[in-house]
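These notes concern the structure reproduced below.
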Amino acid sequence: MENLPKIELHVHLDCCLSYDFVAKRRKISHEDFIKNFVAGDSCSSLTDHLSFVRNELELLQTEVDLRDAIIDLFNQFKSDNVIYAEIRFCPLLHSEKGLTPEEVVKILNDAIIECQELYNIEANLILATLREYSPEQSQLIYDLAKKNKHKKVVAIDLASDEIKYGIGNHIGIYKLAMLDNVNRIAHAGEVKGPESVWETIENLNPSRIGHGVKSIEDSKLIDYLIEKKIHLEVCPSSNLKSKIYPNLKEHPINELYKRGVSVGINTDGRTMTYTTLNNEYQNLINVFGWEKADFLKCNINSISASFLDNDKKERYIKQLINSYR
Ligand code: HPA
Ligand code: ZN
Numbered sequence: 342m343e344n345l346p347k348i349e350l351h352v353h354l355d356c357c358l359s360y361d362f363v364a365k366r367r368k369i370s371h372e373d374f375i376k377n378f379v380a381g382d383s384c385s386s387l388t389d390h391l392s393f394v395r396n397e398l399e400l401l402q403t404e405v406d407l408r409d410a411i412i413d414l415f416n417q418f419k420s421d422n423v424i425y426a427e428i429r430f431c432p433l434l435h436s437e438k439g440l441t442p443e444e445v446v447k448i449l450n451d452a453i454i455e456c457q458e459l460y461n462i463e464a465n466l467i468l469a470t471l472r473e474y475s476p477e478q479s480q481l482i483y484d485l486a487k488k489n490k491h492k493k494v495v496a497i498d499l500a501s502d503e504i505k506y507g508i509g510n511h512i513g514i515y516k517l518a519m520l521d522n523v524n525r526i527a528h529a530g531e532v533k534g535p536e537s538v539w540e541t542i543e544n545l546n547p548s549r550i551g552h553g554v555k556s557i558e559d560s561k562l563i564d565y566l567i568e569k570k571i572h573l574e575v576c577p578s579s580n581l582k583s584k585i586y587p588n589l590k591e592h593p594i595n596e597l598y599k600r601g602v603s604v605g606i607n608t609d610g611r612t613m614t615y616t617t618l619n620n621e622y623q624n625l626i627n628v629f630g631w632e633k634a635d636f637l638k639c640n641i642n643s644i645s646a647s648f649l650d651n652d653k654k655e656r657y658i659k660q661l662i663n664s665y666r
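Going by this note's numbering, the first residue of the sequence shown is number 342, and it counts up by one from there.
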């Protein structure tokens, strides 16, 4: 699997720092890195899992650090043979040392353009607002997404803790996004049940759902996702770390896939979850006996649900088919 090309649509910049990146900035042993940056076995919930982001955010507050984090992530893409990625981040979380959100977007935008050339890997950016944010904070993020639409920003997302916060503050910007033709994603159905996915679909009208795995509990919802071609960005190991399922065997990815839902395979937070895309693929081989054809299908699902234009999608689909054949 390692040499086969992959598409990754759900990966957070502030959750994916490698040990090397951290060790260049802090005197830290690998053992302490694991202790402080990786959610351990005692991690008991999504809330617990997300608490580890803080350590990474501290290291993402300057232009050099943000640019290096993109390089760090492209290095990880290279190891996984990712050929196209959509990288998400929240522009309001990197201003602790004076960068403005506009500057943050520009730095990441330019770093991606630079890395695309260097690595021959294509990537775009998704701007995430957080559930706990006010409508005004979300508006700020939305304005940046709209302003940078013709650069590397391709969509908005809603992230953070589904258990603790609702979606009410963000309905306004998603309505604007619909009017302005700005692509929409939202995390939902990760911890809460199918009602959270329904609520998100009805109010935010996303073309993709981050996780959405709890949809498996409602067959009407499954039919709806299939009919409307709403893609689920599934991140299996991330869900296991958050103790949403006890092990991969109990995780619904295989059933969602077999029932015909458009699912893709993603890492989410490579550091906190301590995973790679290769690792995710290997786990699916080990537990569900997935074969090349299954991974090809999921990668075609992902590229089809990406925010690339149709010509590019066609080209990537051809590349995927040629490589997996
Ligand atoms: N859920 C919500 N917000 C997040 C996640 C997640 O899995 N990862 C990073 N931010
Ligand atoms: Zn996520």
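All C-beta atoms in this analysis are idealised placements derived from N, C-alpha and C, irrespective of residue type, glycine included.
Query, Result
"For Thr470, which residues does DSSP report across the bridge?", "Leu499"
"Would you call the region 497-516 and the region 555-563 in contact, with 3 or more CB pairs under 8 Å?", "no"
"For the region 587-599 and the region 354-371, state whether three or more C-beta atom pairs, one from each stretch, are separated by less than 8 Å.", "no"
"Inspect the beta-carbon positions of Glu621 and Pro577 and report whether they are closer than 7 Å.", "yes"
"Leaving aside the five residues before and after Tyr454 along the sequence, list all residues of the same chain whose C-beta is less than 6 Å from its C-beta, in chain order.", "The residue asked about is misnamed: residue 454 is Ile in this sequence, not Tyr. Excluding positions up to five away in sequence, the list is empty."
"Specify which residues have a beta carbon nearer than 6 Å to any heavy atom of the ligand ZN, listing them in chain order.", "His351, His353, Ala500, His528, Gly551 and Asp609"
"Closer than 6 Å to a non-hydrogen atom of the ligand HPA - does that hold for the CB of Cys384?", "no"
"Within 10 angstroms of its Cβ, does Ala634 collect 16 or more other Cβ (buried), or is it exposed?", "exposed"
"Report the CB separation of Lys582 from His390 in whole angstroms; it is logged as a contact under 8 Å.", "5 Å"
"With distances taken from CA atoms, which of Glu444, Leu440, Pro432 and Asn461 is nearest Ala426?", "Asn461"
"Taking the alpha-carbon of Gln402 as reference, which of Phe378, Leu387, His435 and Ile428 has the nearest alpha-carbon?", "His435"
"Could you check if Ser537 is buried or exposed, using at least 16 other CB atoms within 10 Å of its CB as the buried criterion?", "buried"
"Hey, does Glu543 have any beta-carbon neighbour from chain D nearer than 7 Å?", "The structure shown contains no chain D, having only a single protein chain."
"Just to confirm my understanding: we take Leu400, look at its own chain, exclude 5 residues before and 5 after, and list those with CB closer than 7 Å. What are they?", "Leu358, Val363, Arg366 and Asp406"
"Where DSSP assigns a beta bridge to Lys347, which residues make up the other side?", "Val423"
"Can you give the Cα-Cα distance for Cys456 and Asn627, rounded to whole angstroms?", "33 Å"
"From Leu471 to Ser664, what does the alpha carbon distance come to, in whole angstroms?", "38 Å"
"If you scan the region 381-454 from start to end, which runs of the alpha helix (DSSP H) of 4 or more residues do you find wholly inside it?", "387-391, 394-398 and 404-421"
"Which residues does DSSP pair with Arg367 in a beta bridge?", "Note: Arg367 sits in no beta bridge, so no partner."
"Buried or exposed for Leu466, going by 16 or more other Cβ atoms inside 10 Å?", "buried"
"According to DSSP, Ile526 sits in a beta bridge with which residue or residues?", "Arg549"
"Shortest alpha-carbon distance to Ile504 belongs to which of Ile482, His528 and Val602?", "His528"
"Does the distance from the C-beta atom of Glu473 to that of Tyr515 stay below 7 Å?", "no"
"Beta-carbon within less than 8 Å of Lys545's beta-carbon, same chain only, minus the 5 sequence neighbours each way: which residues are those?", "The sequence shown places Leu at residue 545, not Lys. Excluding sequence neighbours, Leu545 sits near Leu499, Ile508, His511, Ile512, Tyr515, Arg525 and Ala527."
"Give every residue of the same chain whose Cβ lies closer than 8 Å to the Cβ of Lys419, excluding the five residues on either side of it in the sequence, and list them in chain order.", "Tyr460 and Ile462"
"I'd like to confirm the pairing. Which residues does DSSP put opposite Val604 in its beta bridges?", "Leu573"
"Quick one: using the 10 Å Cβ neighbour count with 16 as the cut-off for buried, is Gly630 buried or exposed?", "exposed"
"So, are the CB atoms of Ser643 and Gly605 less than 7 Å apart?", "yes"
"DSSP three-state label for Val352, please.", "strand"
"Can you check whether the CB of Leu468 is closer than 7 Å to the CB of Pro432?", "yes"
"Using the Cα positions of Lys490 and Val575, report the straight-line distance between them to the nearest angstrom.", "25 Å"
"On the criterion of 16 or more Cβ atoms from any shown chain inside 10 Å, does Asn640 qualify as buried, or is it exposed?", "buried"
"Can you round the beta-carbon distance between Val523 and Lys487 to whole angstroms, since I take them to be within the 8 Å contact cut?", "6 Å"
"Under the three-state reduction of DSSP, which class applies to Val532: helix, strand or coil?", "coil"
"Within the continuous alpha helix (DSSP H) that includes Val628, where are the two ends?", "Leu618 to Phe629"
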